[in-house]
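Remarks on the structure that follows.
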Amino acid sequence: MKQTKILLPETEIPKHWYNVVADLKNPPAPPMGPDGMPMDPSAMSAIFADNIIEQEVSAQRWIEIPEPVREIYQQWRPTPMFRAHRLEEALGTPCKIYYKYEGVSAAGSHKLNSAIPQAYYNKVAGINRLTTETGAGQWGSSLSLAGQMFGIDVRVYMVKVSYNQKPFRRSMMQTWGGEVLASPTNLTETGRRILAADPDNQGSLGIAISEAVEEAASRADTKYSLGSVLNHVLLHQTVIGLEAKKQFAMVGDYPDMIFAPCGGGSNFGGVAFPFYADEAAGGKKVRLVAVEPSSCPSLTKGHYAYDFGDTAGHTPMTLQYTLGHDFMPPGIHAGGLRYHGASALVSQMYHEKLIEAVSVPQIATFEAGVQFARAEGIIPAPESNHAIRACIDEALRCKESGEAKTLFFNLSGHGHFDMVSYDKYFTHQLEDYDYPQSEIDAALERLPKVKA
Ligand SMILES: *Cc1c(COP(=O)(O)O)cnc(C)c1O
48 MKQTKILLPE TEIPKHWYNV VADLKNPPAP PMGPDGMPMD PSAMSAIFAD
98 NIIEQEVSAQ RWIEIPEPVR EIYQQWRPTP MFRAHRLEEA LGTPCKIYYK
148 YEGVSAAGSH KLNSAIPQAY YNKVAGINRL TTETGAGQWG SSLSLAGQMF
198 GIDVRVYMVK VSYNQKPFRR SMMQTWGGEV LASPTNLTET GRRILAADPD
248 NQGSLGIAIS EAVEEAASRA DTKYSLGSVL NHVLLHQTVI GLEAKKQFAM
298 VGDYPDMIFA PCGGGSNFGG VAFPFYADEA AGGKKVRLVA VEPSSCPSLT
348 KGHYAYDFGD TAGHTPMTLQ YTLGHDFMPP GIHAGGLRYH GASALVSQMY
398 HEKLIEAVSV PQIATFEAGV QFARAEGIIP APESNHAIRA CIDEALRCKE
448 SGEAKTLFFN LSGHGHFDMV SYDKYFTHQL EDYDYPQSEI DAALERLPKV
498 KA
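If you're matching positions, the sequence shown starts at 48 in the working numbering and goes up one per residue.
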């Protein structure tokens with residue numbers, strides 16, 4: 048019998064997260080405050096607990112995972128890795144294809160890997176209430192569940208278009224005790240301003256972040272929690288790559304290329320950075336490929352500049368690849384990838400050519416997801432389909448050239464709550480959309496005037 052499933056015992060759940068900052072030659076560019084000057088980390092304490100800020104700015108290579116967090120991780124970690132024999136055969140490729148499946152978490156994606164520690168650290172800091180944003184609902188459901196586990200109330204600002212399109216994600220959040228609001232709301236200054244100008248505004252991640260940050264900053268009993276982009280979120284997600292390295296060792300293999308969908312960059316960083324650690328230590332170089340939608344091409348077409356993380360400009364400015372903080376995303380179905388910017392760490396590594404990025408059009412990602420589901424069984428999240436597309440494309444290129452590479456992608460979540468999107472694919476209602484260069488050029492004008 049061919050081995051398809053590569054499982055680690057529970058004793059192999061990582062005891063430390065890996066912090067890539069320790070292995071970068073250049074220190075990360077400092078976040079900037081509203082005055083355009085480097086910001087003191089303590090200025091972030093209006094919205095984040097101190098123990099989280101400490102992690103956000105840490106340069107320590109290994110950071111211990113608290114025991115209560117590992118205990119909860121145990122419910123779904125270590126996650127399985129699979130050798131995709133059936134997909135390889137369907138493609139007729141000489142490549143070996145592996146994938147790691149993060150959809151086995153209760154919330155259905157990798158996002159719970161960071162929601163649990165974020166809830167834990169807030170609880171330890173005495174915080175009993177969190178606000179956050181969600182697009183497609185993956186992060187909101189993860190934080191609702193994590194909040195429930197640690198006795199923290201969670202209020203979720205959900206992008207209005209998703210609130211209406213994805214009612215079951217909303218019910219999931221409510222099941223786990225989360226309070227869900229359609230953003231923009233009338234509860235914040237930002238929401239009221241946007242609704243006054245445009246009563247039918249369908250919302251965006253940038254707007255929802257502004258609302259959640261504004262509320263947290265205005266209430267002493269409330270902090271804010273973000274599901275991607277920030278250094279500490281990427282740190283938490285490194286459990287994915289750390290486990291994967293052990294799983295490759297179990298089968299005596301090692302990847303040549305790694306693919307992950309990239310929105311804010313957390314699952315990409317989570318799977319890729321631990322392999323970069325090998326390269327930094329003088330080991331083998333793996334090509335690390337972030338895959339984004341051609342409708343929201345932050346890395347591949349954005350400006351490398353200081354910008355806000357949200358629409359209203361409530362967050363610090365970070366040096367990142369951005370389409371402009373007022374970016375209004377086209378209505379594509381990979382809701383988790385519709386973010387104007389990118390993680391500062393992923394951006395820096397892309398700028399320094401330590402990692403690669405590609406963009407793929409929407410319809411082709413669903414084609415790849417369906418081909419994958421028919422070969423391997425699992426129905427992927429639309430976000431994950433981006434990585435699958437890029438991986439299949441490489442496997443097909445290798446079929447032409449006769450190269451036999453080892454390819455690996457992160458299957459970041461399942462698509463069980465995204466079947467409306469699959470329906471639209473099957474009934475030919477999906478469109479491809481290239482974000483226009485003129486919009487990208489125009490955004491440059493509106494970027495905050497801060498020198499990198
Ligand atoms: C949120 C999400 C992503 C993209 O987010 P990152 O921050 O880039 O990881 C990818 N896949 C799934 C299933 C998601 O929920």
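Glycine is no exception: its CB is placed at the ideal position from the N, C-alpha and C atoms.
* Classify H372 as helix, strand or coil using the three-state DSSP reduction. => coil
* **Three-state class that DSSP yields for A337 in the structure shown** => strand
* Asked: From P88 to T179, what does the alpha carbon distance come to, in whole angstroms?
  -> 20 Å
* To do: Given a cut-off of 8 Å, decide if A404 and Q367 are closer than it, judged by their beta-carbon atoms.
  => no
* Check whether the Cβ atoms of Y120 and I60 sit closer than 8 Å, and answer yes or no. => The beta carbons of Y120 and I60 sit closer together than 8 Å.
* From L454 to T235, what distance separates their C-alpha atoms? -> When rounded, the distance between both Cα atoms is 46 Å.
* Could you give the DSSP three-state label for D470: helix, strand or coil? => helix
* Under the DSSP definition of a beta bridge, which residues are partnered with F306? -> V336 and F456
* Under the criterion of a Cβ to heavy atom distance below 7 Å, does L384 qualify as lining ligand 1? -> Checking every heavy atom of ligand 1 against the Cβ of L384, one is found closer than 7 Å.
* **Residue range of the beta strand (DSSP E) that includes L228** => E226 to S230
* **As assigned by DSSP and simplified to three states, the class of K270** => strand
* Quick one: is the Cβ of Q185 within less than 7 Å of any heavy atom of ligand 1? -> yes
* With DSSP as the reference, label A154 as helix, strand or coil. => Shown here, A154 sits in coil according to DSSP, grouped into three states, outside any helix or strand.
* To do: Please determine, among A172, Q484, D303 and W109, the residue with the shortest C-alpha to C-alpha distance to E441.
  => D303
* The alpha helix (DSSP H) with T347 in it runs from where to where? -> S345 to K348
* Grouping DSSP H, G and I as helix and E and B as strand, with all else coil, what is W186? -> helix
* For Y469, which of K332, T412 and E57 has the nearest alpha-carbon? -> For the residues K332, T412 and E57, the minimum Cα distance to Y469 belongs to T412.
* For L282, which of Y386, C445, H380 and E101 has the nearest alpha-carbon? -> E101
* Proximal residues to Y351 (C-beta, below 6 Å), its chain only, five neighbours per side dropped -> Y368 and H398
* Would you say A428 touches ligand 1, meaning its beta carbon is less than 7 Å from a heavy atom? -> yes
* Contact test: P308 Cβ vs ligand 1 heavy atom, cutoff 7 Å -> yes
* Sub-8 Å separation of M79 and Y386 beta-carbons -> no
* With distances taken Cα to Cα, identify the nearest neighbour of W123 among A154, E135 and L134. => Nearest of A154, E135 and L134 to W123, Cα basis: A154.
* Asked: Cβ-heavy atom distance between F315 and ligand 1 below 7 Å?
  -> yes
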